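Colleague: Note that this note's numbering numbers the sequence shown so that position 219 is 219, with each residue one more than the last.
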Amino acid sequence: MLGIQYPVFQGGMAWVADASLAAAVSNAGGLGLISSINAGTDAVRAEIRKCKELTDKPFGVNIMLQAPNAGEIAQMVVEEGVKIVTTGAGSPSQYMPMWKEAGIKVIPVIASVALALKMQAAGADAVVAEGAESGGHVGELHTMPLVPQVVDAVDIPVIAAGGICDGRGAAAAFMLGADAIQVGTRFLSATECNVHPEYKEKILKATDISTIVTGKTLGHPVRSLKTPFSKTFARMESDASVSSEEVMAFGSGSLRRAVQEGDPNGSYMAGECAGMVRRIEPAKDIVEDLMSGAEKVLKAVSLRFE
Ligand code: TUI
1 MLGIQYPVFQ
11 GGMAWVADAS
21 LAAAVSNAGG
31 LGLISSINAG
41 TDAVRAEIRK
51 CKELTDKPFG
61 VNIMLQAPNA
71 GEIAQMVVEE
81 GVKIVTTGAG
91 SPSQYMPMWK
101 EAGIKVIPVI
111 ASVALALKMQ
121 AAGADAVVAE
131 GAESGGHVGE
141 LHTMPLVPQV
151 VDAVDIPVIA
161 AGGICDGRGA
171 AAAFMLGADA
181 IQVGTRFLSA
191 TECNVHPEYK
201 EKILKATDIS
211 TIVTGKTLGH
221 PVRSLKTPFS
231 KTFARMESDA
241 SVSSEEVMAF
251 GSGSLRRAVQ
261 EGDPNGSYMA
271 GECAGMVRRI
281 EPAKDIVEDL
291 MSGAEKVLKA
301 VSLRFE
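1. So which of THR86, THR191 and ALA121 has the shortest CA-CA distance to LEU2?
2. Between HIS142 and the ligand TUI, is the CB less than 7 Å from at least one heavy atom?
3. Straight-line CA distance for ILE209 to GLY163?
4. Using the DSSP secondary-structure output, state which residues sit across from ASN69 in a beta bridge.
5. Check this for me: beta carbons of LEU204 and VAL195, under 8 Å apart or not?
6. Let me check understanding here. Comparing Cα to Cα, which of TRP99, GLU288, ASP125 and GLN149 lies closest to ALA111?
7. Thinking just about the alpha-carbon of each residue, which of ARG257, ASP179 and GLU245 is nearest to the one in ASN38?
8. Spatial neighbours of GLY123 within its chain, please: C-beta separation below 6 Å, excluding the five flanking residues on both sides.
9. Put GLY253 into one of helix, strand or coil per three-state DSSP.
10. Determine the direct distance from the alpha carbon of ARG235 to that of SER241, and round the result to whole angstroms.
11. Please identify the residue among ASP166, CYS193, PRO197 and GLU192 whose C-alpha is closest to the C-alpha of GLN182.
12. Kindly list the residues whose CB is nearer than 6 Å to the CB of VAL151, restricted to its own chain and excluding five residues on each side of it in sequence; keep chain order.
13. Would you give the residue range spanned by the alpha helix (DSSP H) that LEU33 belongs to?
14. Can you find the residues in the same chain that come closer than 6 Å, C-beta to C-beta, to GLY266, ignoring five residues on each side of it along the sequence?
15. Report yes if the CB atom of VAL44 is closer than 8 Å to the CB atom of CYS193, and no otherwise.
16. Is any heavy atom of the ligand TUI found at a distance shorter than 7 Å from the C-beta of ALA89?
17. By a C-beta neighbour count over all protein chains shown, 10 Å radius and 16 as the cutoff for buried, is MET248 buried or exposed?
18. Is the beta carbon of SER35 less than 8 Å from the beta carbon of GLY12?
19. Is the beta carbon of ALA89 closer than 8 Å to that of HIS142?
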């Protein structure tokens, strides 16, 4: 459907997923995605143009629907001839007719069966079922129960996301009925990923219990690494004497500060599998490790059932 070699999507991570990372993943045979959360619509347009120079393989754009410029980005991807769009943090129904008209493959990220069905009815070509193990904005269900329930509910392909970091996770996702996987956190450590070195360092140092979900009281739960900043955020939102406006002001701009400045007062969004990320390596090696690792465990397990 997408013209890619391997069923591996790179998560469209806000402020992180630029042309450099997306092109590296696409050149490796996966699907690279550029994030629409960047310095503004023109900056995203520039990343798209750069990506076209870096790869002749298919790539896409992830549109964060809660962003104030989401409508502008939705129009811009049509102008730039983008072929694949994924969306997050909302329903893209209003843009669907325009994108279908332009021949764009539309793949909404969803976190429930209800929204998967709504997206299918609206004409989605596939859905990414993203469990709450993932980094960034999360839903309520986790990958293990979410993916098979979405697979049973829809007739379009399902891409599993959330907690998938190596060949074992990839194989498990295929066992749940997924047609492909989406991986975010592991690509934070890619050589071609342009986050601040401090961000990579924090991911490499992370353990199994290094992430926390904050923002539930604001209706915008986000998973990030436990840091003095995220712990303060958690304390503020559970303190009745602190208004939600004060909490939001405290968090404002924190992801950009982490990604670009390695600021200790930044939000280091990451999934639960951050503890499994061991080294910095080219995106190509990550894609190949995901696929060869899946093949290895699938063969080993199938032998046990012969
Ligand atoms: O969108 C994401 N993950 C994100 S977006 C993001 S940007 C940001 N966030 C906070 C502060 C600063 C920047 C970081 N991470 N993942 C896709 C995703 N979408 N996960 C869950 C959902 C989702 C949730 C509810 C999709 C739809 C939905 O329903 C809304 C509706 O209209 O029914």
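Using N, Cα and C, we set each Cβ at its ideal position, and we do this for glycine too.
Just so we're clear, the structure is a prediction, and the values are computed from it rather than from any experiment.
Modeller: So, to answer that:
1. Position 2 of the sequence shown, counted from the first residue, corresponds to residue 2. That would be THR86, whose Cα lies nearest to the Cα of LEU2.
2. Here residue 142 corresponds to residue number 142 of the sequence shown, with the count starting at 1. Checking every heavy atom of the ligand TUI against the Cβ of HIS142, none is found closer than 7 Å.
3. Residue 209 sits at position 209 when you count from the first residue of the sequence shown. Residue 163 sits at position 163 when you count from the first residue of the sequence shown. Distance between the alpha carbons of ILE209 and GLY163 is about 13 Å.
4. The count along the sequence shown starts at 1 and reaches residue 69 at position 69. None, per the DSSP bridge assignment.
5. Within the sequence shown, residue 204 is the residue found at index 204, counting from 1. Within the sequence shown, residue 195 is the residue found at index 195, counting from 1. Here LEU204 is not near VAL195, since their CB atoms are 8 Å or more apart.
6. Here the question's residue 111 lines up with position 111 in the sequence shown. Selected option, being the one with the closest Cα: GLN149.
7. As a working mapping, residue 38 is identified with position 38 in the sequence shown. Of the listed residues, the one whose Cα sits closest to ASN38 is ARG257.
8. Sequence index remark: in the sequence shown, residue 123 carries index 123 (1-based). Excluding residues within five positions, the ones whose Cβ falls inside 6 Å are MET96 and LYS100.
9. Stepping through the sequence shown from its first residue, residue 253 is reached at position 253. Coil at GLY253, not helix or strand.
10. As a position in the sequence shown, residue 241 is number 241, starting the count at 1. As a position in the sequence shown, residue 235 is number 235, starting the count at 1. The alpha-carbon atoms of SER241 and ARG235 are separated by roughly 11 Å.
11. Taking the sequence shown and counting its residues from 1, one reaches residue 182 at position 182. It is ASP166.
12. Here residue 151 refers to the residue found at position 151 of the sequence shown. Within the same chain, VAL151 has close Cβ partners VAL158 and GLY177.
13. One-based indexing of the sequence shown puts residue 33 at position 33. Membership of LEU33 in any alpha helix (DSSP H) is not indicated; the residue belongs instead to the beta strand (DSSP E) covering 32-35.
14. In the sequence shown, the residue the question calls residue 266 occupies position 266. Cβ within range, chain order: SER254, ARG257 and ALA258.
15. In the sequence shown, residue 44 corresponds to position 44, counting from 1. In the sequence shown, residue 193 corresponds to position 193, counting from 1. Not closer than 8 Å, so no.
16. Position 89 of the sequence shown, counting from 1, holds the residue named residue 89. Flag set: Cβ of ALA89 near the ligand TUI.
17. The residue given as residue 248 occupies position 248 in the sequence shown. Burial call: exposed.
18. In the sequence shown, residue 35 corresponds to position 35, counting from 1. In the sequence shown, residue 12 corresponds to position 12, counting from 1. Cβ atoms of SER35 and GLY12: closer than 8 Å.
19. To locate residue 142, count along the sequence shown from 1; it is residue 142. To locate residue 89, count along the sequence shown from 1; it is residue 89. It is not a contact, given that the beta carbons lie outside the stated cut-off.
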